[in-house]
Amino acid sequence: MIKKSPLKFFLLTLILIAIDQGVKLAVHFYMAPGFAGQIKLAGDWLKLHYVLNPGMAFGMQLGYEYGKLLLSVFRLFAMVGIGYYLVHLAHRGAPNGLLWAMAMILAGAVGNVIDSTFYGVFLNNAPYGSPTPWFHGQVIDMVFIDVWEGFIPEWVPVWGGQYYSTPIFNIADSCIFIGVCLILLFQRRFFGGHTIEDGLLPISGPDATQAEVLPMSELVDDEQHEHQSNDVDEPSAATDTEDELKASASPESSESVISEEQKDRD
Numbered sequence: 001m002i003k004k005s006p007l008k009f010f011l012l013t014l015i016l017i018a019i020d021q022g023v024k025l026a027v028h029f030y031m032a033p034g035f036a037g038q039i040k041l042a043g044d045w046l047k048l049h050y051v052l053n054p055g056m057a058f059g060m061q062l063g064y065e066y067g068k069l070l071l072s073v074f075r076l077f078a079m080v081g082i083g084y085y086l087v088h089l090a091h092r093g094a095p096n097g098l099l100w101a102m103a104m105i106l107a108g109a110v111g112n113v114i115d116s117t118f119y120g121v122f123l124n125n126a127p128y129g130s131p132t133p134w135f136h137g138q139v140i141d142m143v144f145i146d147v148w149e150g151f152i153p154e155w156v157p158v159w160g161g162q163y164y165s166t167p168i169f170n171i172a173d174s175c176i177f178i179g180v181c182l183i184l185l186f187q188r189r190f191f192g193g194h195t196i197e198d199g200l201l202p203i204s205g206p207d208a209t210q211a212e213v214l215p216m217s218e219l220v221d222d223e224q225h226e227h228q229s230n231d232v233d234e235p236s237a238a239t240d241t242e243d244e245l246k247a248s249a250s251p252e253s254s255e256s257v258i259s260e261e262q263k264d265r266d
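Residues 1 to 266 in UniProt numbering are what the sequence shown spells out, letter by letter.
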């Protein structure tokens, strides 16, 4: 396990937060809300469209009095949890791809937390009737991919019978979406085991770099040693066979055989 520093990943988080907040403030101060201030970027399908989002990503919201407050508090806890998890993964030597994805998700969470926490006070965009402007700020959305709009069928739960268009989102939402997609696409590589540096080599099991290769001279010496041992064993076996033959052919053994035959005759 190679412990990594999370600083460079937090640096990416800070850069993305700065971009997100810069774009949101520019849209707020230099664009008119709604269709009046809409700017086409690529034909009729990619536009800048300034809207205020009182709820979650893509315009969803909790529809009761303190829903926004609960959502803001949840975002705060999620932001702290994601930051802690990023540090934990870095110290455990997680793949860089996973750490970059977590840094993007953290940037998106922090970007929207800033909106909901402070924009109600400093930009005065809290919804009418909010108990307090703190934690009730509306998130600024501006990226509009206009590929569909119309009424949702009545049989669809919650949103049935209402008019909707393709969701309008911001840079923070994009960071969260891209980070989650990267984790889903490469989850087998990210969570298949802790890795060294770029996640290509496992840290458990045999290490190929520690393998020993015998030089050719030692291999030749071993083969010669085996041949010599075989040559020594073969003459000893042949010698034993010759000794048995000589013993059987000796005069003493023949005389003993003759004396036994005479005793049998008597």
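Cβ coordinates follow ideal geometry from the N, Cα and C atoms, glycine included.
No experiment lies behind these values; they were computed from the predicted model shown.
DSSP-derived helix/strand/coil call for residue i
i: Ser253; result: With a pLDDT of 49 at Ser253, under the threshold of 50, the modelled position of that residue is not reliable, and the figure given next carries that caveat. If DSSP states are grouped into helix, strand and coil, Ser253 belongs with the helices.
i: Arg189; result: helix
i: Ile19; result: helix
i: Ile168; result: strand
i: Tyr128; result: coil
i: Ile105; result: helix
i: Trp134; result: coil
i: Gly199; result: Because the pLDDT of Gly199 is 43, which lies under 50, any placement of that residue in the model is unreliable, and the number read from its coordinates should be weighed accordingly. Coil at Gly199, not helix or strand.
i: Leu182; result: helix
i: Ile2; result: coil
i: Val110; result: helix
i: Gly160; result: coil
i: Leu123; result: coil
i: Phe9; result: helix
i: His194; result: Confidence at His194 is low in this model, with a pLDDT of 49, below 50, so its placement is unreliable and the value that follows should be read with caution. Three-state DSSP puts His194 in coil, outside helix and strand.
i: Leu14; result: helix
Residue i - containing beta strand (DSSP E), residue span
i: Glu149; result: Glu149 to Phe151
i: Tyr164; result: Tyr163 to Ser165
Counterpart residues of residue i in DSSP-defined beta bridges
i: Ile145; result: Leu46
i: Ile140; result: Leu52
Pair within 8 Å by beta-carbon distance, residue i and residue j
i: Gly137; j: Gly120; result: yes
i: His49; j: Ile168; result: yes
i: Pro153; j: Leu86; result: no
i: Phe135; j: Thr117; result: yes
i: Leu182; j: Gly111; result: no
i: Ile140; j: His28; result: yes
i: Trp148; j: Thr166; result: yes
i: Thr13; j: Ala103; result: yes
i: Ala107; j: Phe9; result: no
i: Asp146; j: Lys3; result: no
i: Ala101; j: Gly179; result: yes
i: Arg75; j: Val51; result: no
i: Trp127; j: Pro33; result: Checking the sequence shown, residue 127 turns out to be Pro, not Trp. Against a cut-off of 8 Å, the Cβ pair of Pro33 and Pro127 comes out as no contact.
i: Pro95; j: Arg188; result: no
i: Ile82; j: Ala109; result: yes
Heavy atom of the ligand SAM within 7 Å of residue i beta-carbon
i: Ile15; result: Absent from the structure shown: the ligand SAM. Ligands present: none.
Pick out the complete alpha helix (DSSP H) segments inside the stretch 24-99, 4 residues or longer, and give them in chain order. Those alpha helix (DSSP H) runs which fall completely within the stretch 24-99 and span 4+ residues are 67-91.
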